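Report on the structure given below.
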Amino acid sequence: MAQTLSKNIYSEEKLRELILYIAHKSKTDPRCGAVKLNKLLYYADFTAYRLLGRSITGAEYQHLQEGPAPRRGLPAQERLKRDGAIEMAYKPSLVGEPIHIIVPKRKPYPIFSKQEKEIVNRIIEEFKDLTGSELSERSHKEFGWRLTKQGETIHYRTAWLSRSPLTEEQIVFGRKVAAKHGLAG
(Lines of atoms letter the chains of each structure in order from A and count residues from 1; the text may use other names and numbers.)
(Lines give C-alpha, C1' and ligand atoms only; values in the text may rest on other atoms or scores of the structure.)
Protein backbone atom coordinates (compact mmCIF):
# COMPACT_ATOMS: atom_id res chain seq x y z
CA MET A 1 0.00 0.00 0.00
CA ALA A 2 1.24 3.46 -0.78
CA GLN A 3 1.95 5.82 2.05
CA THR A 4 1.92 9.59 1.93
CA LEU A 5 3.60 12.25 4.00
CA SER A 6 0.34 13.10 5.72
CA LYS A 7 -0.75 9.59 6.66
CA ASN A 8 1.15 6.54 7.80
CA ILE A 9 -0.40 3.12 7.52
CA TYR A 10 -0.04 1.17 10.74
CA SER A 11 1.44 -2.32 10.50
CA GLU A 12 1.22 -4.35 13.68
CA GLU A 13 3.56 -6.91 12.12
CA LYS A 14 6.20 -4.27 11.43
CA LEU A 15 5.91 -2.90 14.97
CA ARG A 16 6.33 -6.39 16.43
CA GLU A 17 9.26 -7.17 14.15
CA LEU A 18 10.90 -3.81 14.87
CA ILE A 19 10.65 -4.50 18.61
CA LEU A 20 12.24 -7.89 17.98
CA TYR A 21 14.88 -6.43 15.62
CA ILE A 22 15.97 -3.79 18.14
CA ALA A 23 15.92 -6.31 21.02
CA HIS A 24 18.03 -8.70 18.93
CA LYS A 25 20.53 -5.98 17.92
CA SER A 26 20.70 -4.64 21.50
CA LYS A 27 20.94 -7.92 23.41
CA THR A 28 24.53 -7.16 24.47
CA ASP A 29 23.70 -3.57 25.48
CA PRO A 30 23.50 -3.52 29.29
CA ARG A 31 21.61 -0.21 29.07
CA CYS A 32 18.78 -1.40 26.81
CA GLY A 33 15.60 -1.95 28.76
CA ALA A 34 11.96 -1.18 27.98
CA VAL A 35 12.39 2.60 28.33
CA LYS A 36 15.33 2.72 25.93
CA LEU A 37 13.57 0.35 23.53
CA ASN A 38 10.56 2.70 23.33
CA LYS A 39 12.82 5.66 22.58
CA LEU A 40 14.72 3.71 19.90
CA LEU A 41 11.38 2.81 18.28
CA TYR A 42 10.36 6.47 18.39
CA TYR A 43 13.61 7.76 16.91
CA ALA A 44 13.64 5.06 14.21
CA ASP A 45 10.06 5.79 13.12
CA PHE A 46 10.39 9.57 13.25
CA THR A 47 13.77 9.56 11.50
CA ALA A 48 12.34 7.33 8.76
CA TYR A 49 9.40 9.72 8.40
CA ARG A 50 11.77 12.65 8.02
CA LEU A 51 14.10 10.88 5.56
CA LEU A 52 11.75 8.56 3.65
CA GLY A 53 8.45 10.42 3.90
CA ARG A 54 6.90 7.57 5.92
CA SER A 55 7.61 5.87 9.20
CA ILE A 56 8.69 2.25 9.42
CA THR A 57 5.74 0.93 11.43
CA GLY A 58 3.05 3.59 11.08
CA ALA A 59 2.62 3.31 14.85
CA GLU A 60 1.00 6.14 16.77
CA TYR A 61 3.28 7.50 19.51
CA GLN A 62 2.02 8.98 22.73
CA HIS A 63 3.46 11.40 25.25
CA LEU A 64 4.31 9.47 28.43
CA GLN A 65 6.20 10.58 31.52
CA GLU A 66 9.37 8.78 30.43
CA GLY A 67 9.09 10.07 26.86
CA PRO A 68 7.48 8.93 23.61
CA ALA A 69 6.24 5.35 23.28
CA PRO A 70 4.15 3.53 20.68
CA ARG A 71 0.53 3.43 21.80
CA ARG A 72 0.27 -0.22 20.68
CA GLY A 73 3.72 -1.15 22.02
CA LEU A 74 2.60 -3.22 25.00
CA PRO A 75 -0.01 -5.22 23.04
CA ALA A 76 2.65 -5.88 20.37
CA GLN A 77 5.06 -7.12 23.04
CA GLU A 78 2.34 -9.31 24.56
CA ARG A 79 1.67 -10.87 21.15
CA LEU A 80 5.39 -11.55 20.66
CA LYS A 81 5.48 -13.15 24.10
CA ARG A 82 2.38 -15.28 23.41
CA ASP A 83 3.92 -16.43 20.11
CA GLY A 84 7.15 -17.43 21.88
CA ALA A 85 9.24 -14.83 20.01
CA ILE A 86 10.34 -13.02 23.19
CA GLU A 87 10.55 -13.39 26.94
CA MET A 88 10.25 -10.58 29.43
CA ALA A 89 12.91 -10.43 32.13
CA TYR A 90 14.64 -8.11 34.55
CA LYS A 91 18.37 -7.54 34.73
CA PRO A 92 20.55 -5.50 37.06
CA SER A 93 20.94 -1.88 36.08
CA LEU A 94 24.24 -0.07 35.85
CA VAL A 95 22.73 2.70 37.98
CA GLY A 96 19.93 1.75 40.36
CA GLU A 97 16.86 -0.43 40.03
CA PRO A 98 16.74 -3.46 37.71
CA ILE A 99 15.57 -2.76 34.17
CA HIS A 100 12.79 -4.54 32.31
CA ILE A 101 14.21 -6.15 29.17
CA ILE A 102 12.95 -8.07 26.17
CA VAL A 103 14.88 -11.25 25.44
CA PRO A 104 14.55 -12.31 21.78
CA LYS A 105 13.87 -16.04 21.27
CA ARG A 106 14.03 -15.94 17.47
CA LYS A 107 15.53 -13.73 14.79
CA PRO A 108 13.28 -11.05 13.32
CA TYR A 109 11.65 -11.80 9.97
CA PRO A 110 13.33 -10.01 7.03
CA ILE A 111 10.49 -7.57 6.34
CA PHE A 112 12.39 -4.27 6.45
CA SER A 113 13.79 -2.49 3.43
CA LYS A 114 17.49 -1.79 3.22
CA GLN A 115 16.82 1.90 3.94
CA GLU A 116 14.71 1.06 6.99
CA LYS A 117 17.43 -1.22 8.39
CA GLU A 118 20.06 1.46 7.77
CA ILE A 119 18.01 3.97 9.74
CA VAL A 120 17.36 1.59 12.64
CA ASN A 121 21.00 0.49 12.79
CA ARG A 122 22.14 4.11 12.76
CA ILE A 123 19.74 4.99 15.61
CA ILE A 124 20.94 2.01 17.68
CA GLU A 125 24.56 3.01 17.08
CA GLU A 126 23.92 6.71 17.80
CA PHE A 127 22.36 5.98 21.19
CA LYS A 128 24.34 2.89 22.23
CA ASP A 129 26.13 4.64 25.10
CA LEU A 130 22.99 6.14 26.65
CA THR A 131 20.87 4.58 29.37
CA GLY A 132 17.09 4.53 29.10
CA SER A 133 16.91 7.48 31.51
CA GLU A 134 19.43 9.50 29.50
CA LEU A 135 17.62 8.80 26.25
CA SER A 136 14.32 9.64 27.94
CA GLU A 137 15.75 13.02 29.00
CA ARG A 138 16.92 13.64 25.45
CA SER A 139 13.48 12.77 24.06
CA HIS A 140 11.95 15.38 26.37
CA LYS A 141 13.77 18.03 24.33
CA GLU A 142 12.10 16.93 21.09
CA PHE A 143 9.42 19.30 19.84
CA GLY A 144 6.89 16.49 19.48
CA TRP A 145 7.13 15.66 23.16
CA ARG A 146 7.27 19.31 24.27
CA LEU A 147 4.19 20.26 22.22
CA THR A 148 2.01 17.54 23.74
CA LYS A 149 0.66 16.58 27.15
CA GLN A 150 0.47 13.23 28.94
CA GLY A 151 -1.36 10.67 26.78
CA GLU A 152 -1.65 12.89 23.70
CA THR A 153 -0.51 11.73 20.28
CA ILE A 154 2.84 12.99 19.01
CA HIS A 155 2.34 13.78 15.33
CA TYR A 156 4.89 12.67 12.77
CA ARG A 157 4.97 16.19 11.30
CA THR A 158 7.03 17.21 14.33
CA ALA A 159 9.89 15.07 13.01
CA TRP A 160 10.96 18.05 10.91
CA LEU A 161 11.11 20.46 13.85
CA SER A 162 14.59 20.81 15.29
CA ARG A 163 16.79 23.49 16.77
CA SER A 164 19.95 21.51 16.19
CA PRO A 165 21.90 21.96 12.98
CA LEU A 166 22.49 18.73 11.09
CA THR A 167 25.84 17.05 11.59
CA GLU A 168 28.02 16.29 8.58
CA GLU A 169 27.20 12.59 9.06
CA GLN A 170 23.45 13.33 8.99
CA ILE A 171 23.84 15.43 5.84
CA VAL A 172 25.81 12.66 4.09
CA PHE A 173 23.26 10.04 5.19
CA GLY A 174 20.34 12.20 4.03
CA ARG A 175 21.95 12.77 0.63
CA LYS A 176 22.60 9.04 0.29
CA VAL A 177 18.96 8.19 1.03
CA ALA A 178 17.73 10.98 -1.27
CA ALA A 179 19.93 9.71 -4.11
CA LYS A 180 18.58 6.17 -3.66
CA HIS A 181 15.04 7.48 -4.02
CA GLY A 182 15.81 9.74 -6.96
CA LEU A 183 15.32 12.88 -4.87
CA ALA A 184 18.86 14.27 -5.19
CA GLY A 185 19.43 17.11 -7.61
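The numbers in the sequence shown follow our numbering, run straight up by one, and end at 1047.
For each residue, glycine too, the CB sits at the ideal point set by N, CA and C.
Small disclaimer: the values here were computed from a predicted structure and weren't measured.
Less than 9 angstroms divides the Cβ of residue 930 from the Cβ of residue 1004.
Beta-bridge partners of residue 949 (DSSP): 965. Contact annotation: residue 882 and residue 942 have beta-carbon atoms nearer than 9 angstroms. Around the beta-carbon of residue 1020, 16 or more other beta-carbon atoms lie within 10 Å, marking it buried.
According to DSSP, residue 924 shares a beta bridge with 931, 1015. In the same chain as residue 875, and ignoring 5 residues on each side of it, no C-beta atom comes closer than 6 angstroms to its own. Here residue 1043 carries a coil assignment [DSSP, helix/strand/coil]. Residue 1041 and residue 981 do not touch by the CB rule: their CB atoms are close to 15 angstroms apart, not below 8 angstroms. Between residue 962 and residue 885, the C-beta spacing is not below 9 angstroms. The criterion of a C-beta distance shorter than 9 angstroms is satisfied by residue 924 and residue 1015. DSSP places residue 898 in the uninterrupted alpha helix (DSSP H) bounded by 896-914.
With fewer than 16 other CB atoms across the displayed protein chains lying within 10 angstroms of its CB, residue 1030 is exposed. Per DSSP, reduced to three states, the secondary structure at residue 987 is helical.
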